[in-house]
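If you read the sequence shown in our numbering, its first letter stands for residue 12, the second for the next number, and so on. The C-beta atom is built at its ideal place from N, Cα and C for all residues, glycine as well. What you are looking at is a predicted structure, and each value in this text was computed from that prediction instead of being measured.
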Amino acid sequence: MRSYILKILFGILVCIASQSSQGHEEPTSFLELHVESGSLNASLVTSIADLAHELEEVEPQMLLNPSVLHQHEKQLVEILLSRLHLKADGITLTGSLISASPVPERDDIRFNLKYDGPPQLRELAVECKLFPYDSRHRTYLNVYQGKSMTRQEVFEGAVTTATFSISG
């Protein structure tokens, strides 16, 4: 009888673990901005579940296939850039895609982006609301100048903007 109860408990635990691993419990994205002289390079890592929500005909796991990702990367980047705005000294910067690649161990996609900026950047403003349909979504921002991280922010809920000085 004890063996039977242990098997039932084990089965319940397996079911709970599989449901929580398949769920989208903490919707997060990670944005790194690397400030260089005259440009900003960005790395944006976001969940395949969030990205697939933007594409009606694509299931999340399909985006981990490089050919499927390549087929949809332009559309995804247009959507993401329409929701991620950078201003350098009050001037809106235009982002462009360098590359997009799957991160299968995390069920994420990494977008490497480039923004052309002024040669002497003094102030950077970031407006970020990547997935407006999901009020729980958080985007973690790390800003680097050279190799040093100089700023961290979290965009979530009503917090969608941050402005900060860049030391020269």
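Collapsed DSSP secondary structure at residue i in the structure displayed
i, result
"E67", "coil"
"L91", "helix"
"Q131", "coil"
"K98", "strand"
Cutoff 7 angstroms; reference residue i; Cβ partners in own chain excluding five residues on either side
i, result
"F41", "V56, Y151"
"E43", "A53, S54, N153, Y155"
"L141", "S40, T57, L91, R94, L95, H148, T150"
"G168", "S146"
Proximal residues to residue i (C-beta, below 8 angstroms), its chain only, five neighbours per side dropped
i, result
"E70", "A63"
"V79", "V69, M73"
Exposure label - residue i; buried when at least 16 CB within 10 Å
i, result
"V165", "exposed"
"I120", "buried"
6 angstroms CB neighbourhood of residue i in its chain, flanking five on each side removed
i, result
"V88", "L108"
"N123", "S54, I109, S110"
Opposing strand residues paired with residue i [DSSP bridges]
i, result
"H45", "N52, Y155"
"T150", "S40, F166"
At least 3 beta-carbon pairs within less than 8 angstroms: the region 123-143 vs the region 81-98: yes
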